[in-house]
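So the sequence shown is numbered by my numbering: it starts at 8 and just counts up by one. C-beta atoms are modelled at their ideal positions from N, C-alpha and C, and glycine is treated no differently. Take a look at the structure below.
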Amino acid sequence: MSRLRTARRRFATAAGFALLEHLRNRFALVLVVFYIPFWLTMVHWFVAPAPSTFLLRAAGRRLTVDGNHLTMVSGAINAVTLIVGFMMFMTTFKSLAFDRRLVLAGYPRICLLVAKVNAMVLAAALISGYATAVICWYWDPVRPWLLATGLFTAGVGYGGIGILLGAFLRNELEGLFVIIMASLLDTMLQNPISNPGATKDGVQILPEYGPTQVSVAAGFTGDTPYGHLLLGPVWFAAMWLLGTAAFHLRTRDHRPSRLRPAAVSAAGRP
Numbered sequence: 008m009s010r011l012r013t014a015r016r017r018f019a020t021a022a023g024f025a026l027l028e029h030l031r032n033r034f035a036l037v038l039v040v041f042y043i044p045f046w047l048t049m050v051h052w053f054v055a056p057a058p059s060t061f062l063l064r065a066a067g068r069r070l071t072v073d074g075n076h077l078t079m080v081s082g083a084i085n086a087v088t089l090i091v092g093f094m095m096f097m098t099t100f101k102s103l104a105f106d107r108r109l110v111l112a113g114y115p116r117i118c119l120l121v122a123k124v125n126a127m128v129l130a131a132a133l134i135s136g137y138a139t140a141v142i143c144w145y146w147d148p149v150r151p152w153l154l155a156t157g158l159f160t161a162g163v164g165y166g167g168i169g170i171l172l173g174a175f176l177r178n179e180l181e182g183l184f185v186i187i188m189a190s191l192l193d194t195m196l197q198n199p200i201s202n203p204g205a206t207k208d209g210v211q212i213l214p215e216y217g218p219t220q221v222s223v224a225a226g227f228t229g230d231t232p233y234g235h236l237l238l239g240p241v242w243f244a245a246m247w248l249l250g251t252a253a254f255h256l257r258t259r260d261h262r263p264s265r266l267r268p269a270a271v272s273a274a275g276r277p
């Protein structure tokens, strides 16, 4: 029972630190509050509402929809993935030295990592809901709740990528560049307007494929592509496993074994 209480206390402490890191990231908060409505407003103003016909793989049929609305969905996915990926990269990257000290002091790595995931899920849910609300200001998606879910899975997938990059890379600029370029390229390839060949084989392996299929289906159809809902979390799981390995390497104890706390305490026993 005492071990369970200790584990809960450690997790609560780690989760508090993770949330505090996000709240200190003022630039990310500015992006959430201002960039999302600005970007979607620009799409609404400048993208022509011309009909766009494409194959929605999730529904297995061709759709003809308003190109302005389709680009708005794509823009929302891009904004959510950029912001959540950026937030998770920064909080993982900047807290790595502190996390290493905690691990050396005996703090379980799994508590620190799960706390980051907990903060990421909360951030992705709030950002996805906010982006969906902005979209609903301009037009009425068929199922807003499923659209928010699709955006959430996109954010979760890129949140995992942010954790991996934050634990693996040693330069802040490198991580930001990778996240920005990956999200922009991914969004461009998934959007049938910017890429008429978006229905070609190969786009299914990209992180935004599942979330884009879900979000488009939610915006324009009554279909629920349950299988595609899992693709974003699958990407997160893969990135999280790699990130866990990188986090373990970056927080390991490099001191000689005779100087480690366990060895010192053992040597001091009569």
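Is it buried or exposed for residue i, if we count other Cβ within 10 angstroms and need 16 for buried?
i, result
"S9", "exposed"
"R177", "exposed"
"F105", "exposed"
"H255", "exposed"
"F93", "buried"
"P58", "exposed"
"T139", "buried"
Less than 8 Å between the beta carbons of residue i and residue j, yes or no?
i, j, result
"R131", "G182", "It should be noted that the sequence gives Ala, not Arg, for residue 131. Contact flag unset, no."
"S135", "L158", "yes"
"V221", "T160", "yes"
"L111", "L119", "no"
"R68", "F61", "no"
"V149", "F227", "yes"
"A3", "W46", "Nothing about residue 3 can be reported from this structure: the residues present for the chain run from 8 to 277 only."
"L89", "V223", "no"
"M79", "V124", "no"
"L153", "T231", "yes"
"S81", "T194", "yes"
"T258", "R33", "no"
Can you check which of these residues, the options, is closest to residue i by C-alpha distance?
i, options, result
"A253", "F175, G67 and I142", "F175"
"A126", "G162, T228 and D208", "G162"
"V40", "V141, L154, T13 and T251", "V141"
"N198", "R33, Y42 and V72", "V72"
"H76", "S102, N32, Y42 and P56", "P56"
In angstroms with no decimal places, state the Cα-to-Cα distance between residue i and residue j.
i, j, result
"I170", "L11", "27 Å"
"L26", "G217", "28 Å"
"R16", "A83", "37 Å"
"R116", "G74", "46 Å"
"S272", "A35", "Reliability fails at S272, whose pLDDT of 40 lies under 50, so the model's placement of it is uncertain and no value is given."
"D184", "L192", "For the record, residue 184 in the displayed sequence is Phe; it is not Asp. Straight-line Cα distance between these residues: approximately 12 Å."
"P44", "M95", "21 Å"
"F24", "D208", "42 Å"
"A22", "L248", "19 Å"
"F53", "I187", "22 Å"
"W144", "A155", "14 Å"
For residue i, verify whether its CB is less than 7 Å away from any heavy atom of the ligand SAH.
i, result
"G157", "As far as ligands go, the structure on display features none, and thus does not contain the ligand SAH."
I think residue i touches residue j, with their Cβ atoms under 8 Å apart; what is that distance to the nearest whole Å?
i, j, result
"G283", "G164", "Beyond the ends of the chain as shown, which are 8 and 277, falls residue 283; an answer cannot be given."
"M97", "I168", "M97 to I168, Cβ: 13 Å. No contact."
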